[in-house]
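Colleague: The structure is given below, and queries will be raised subsequently.
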Amino acid sequence: MSFKLIKQIATGLVFTVASAFSLAADDHPAQVLVVDSTTTLLDILKTEGERIKTDQAFLTAQVQEHVVPNLDFDSMTKLAVGKYWRQAEDGQRVELVNEFTDLLLNTYTNALTQYSGESIEFQPFRAEKRDDRAVVRSVFKQSSGGDVPVLYKLRDKDGWLIYDIEVNKISLVTSYRTAFAGEIEKGGIDGLLTTMKEKNAKAN
6 MSFKLIKQIA
16 TGLVFTVASA
26 FSLAADDHPA
36 QVLVVDSTTT
46 LLDILKTEGE
56 RIKTDQAFLT
66 AQVQEHVVPN
76 LDFDSMTKLA
86 VGKYWRQAED
96 GQRVELVNEF
106 TDLLLNTYTN
116 ALTQYSGESI
126 EFQPFRAEKR
136 DDRAVVRSVF
146 KQSSGGDVPV
156 LYKLRDKDGW
166 LIYDIEVNKI
176 SLVTSYRTAF
186 AGEIEKGGID
196 GLLTTMKEKN
206 AKAN
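Residue numbers (my numbering): 6 to 209.
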């Protein structure tokens, strides 16, 4: 899977994170976290839409405040790199987390500037077999019509954090894993890092 296709998937994912309307969350803290954060971001998009399109510093500050604390970038990176994580040296692992974090946030902030009124409806919470796992289920309402199922997957690591998002049964982490595997097979861990650094440099 190409990085171009992954960017399209990720853009769809971040729209779902950024486009919820206010809805009373069930009592489970994972559901509360996802509903509250999406509602907050939607309010910002509605009231500060024009500023978001032109003020990069303001947009970055909103993402740092309302998005970053809710994502488990360490787990997302390990899952995306997959079996190759064991081959990476300690310094490479630090770089992988940093570059993947920047890659996700660059895609996210770009998508926020293109928001056009999409919304999301959350479904009742259903408990998982493991107490430290949770799935928040929702349906993405596209402005062009059509509903898309969206799942937020969370882990309890002294607080609930999102480690993956699925849109229409397509996992963000799995999609990146396929692309990353191709890069690593061609140029090793350093080759993947080079590719991510180049993409992040173009986005900044």
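Glycine included, every Cβ here is placed at the ideal spot set by N, Cα and C.
No experiment lies behind these values; they were computed from the predicted model shown.
Could you name each continuous beta strand (DSSP E) segment of 3 residues or more that falls completely within the region 111 to 176, going from the start of the chain to the end?
Modeller: As summarised for the region 111 to 176, the continuous beta strand (DSSP E) elements at least 3 residues long and confined to that stretch are 124 to 127, 138 to 146, 152 to 161, 165 to 172, given in chain order.
Colleague: Could you tell me whether the region 184 to 196 touches the region 91 to 101, where touching means 3 or more Cβ pairs closer than 8 Å?
Modeller: yes
Colleague: Assuming contact is defined by CB atoms lying nearer than 8 Å, are glutamate 100 and leucine 166 in contact in what I supplied?
Modeller: Not in contact: glutamate 100 and leucine 166 (Cβ atoms no closer than 8 Å).
Colleague: Please report the distance separating the alpha-carbon of valine 155 from that of glutamate 203.
Modeller: Taking the straight line joining both Cα atoms gives about 30 Å.
Colleague: Given a cut-off of 8 Å on the beta-carbon distance, is the pair methionine 201 and glutamate 104 in contact?
Modeller: yes
Colleague: Less than 8 Å between C-beta atoms, sequence neighbours within five positions excluded: which residues of the same chain meet that for arginine 182?
Modeller: Sequence-distant partners of arginine 182 (beyond 5 residues in either direction) whose C-beta falls short of 8 Å from its own C-beta, in its chain, are Leu84, Ala85, Val86, Gly87.
Colleague: Here's the rule: buried if 16 or more other CB atoms are within 10 angstroms of the residue's CB, otherwise exposed. What is threonine 52?
Modeller: exposed
Colleague: Look at the alpha carbon of asparagine 111 and the alpha carbon of isoleucine 170, and state the distance between them as a whole number of angstroms.
Modeller: Rounded to whole angstroms, asparagine 111 to isoleucine 170 spans 17 Å at the Cα level.
Colleague: Please report the distance separating the alpha-carbon of alanine 184 from that of aspartate 163.
Modeller: 31 Å
Colleague: Between asparagine 115 and arginine 135, what straight-line distance do the alpha-carbon atoms span, to the nearest angstrom?
Modeller: 35 Å
Colleague: Please classify alanine 206 as buried or exposed, where buried requires at least 16 other C-beta atoms within 10 Å of its C-beta.
Modeller: exposed
Colleague: I'd like to check one pair, phenylalanine 130 with histidine 33: are the Cβ atoms closer than 8 Å?
Modeller: Yes, the Cβ-Cβ distance between histidine 33 and phenylalanine 130 is below 8 Å.
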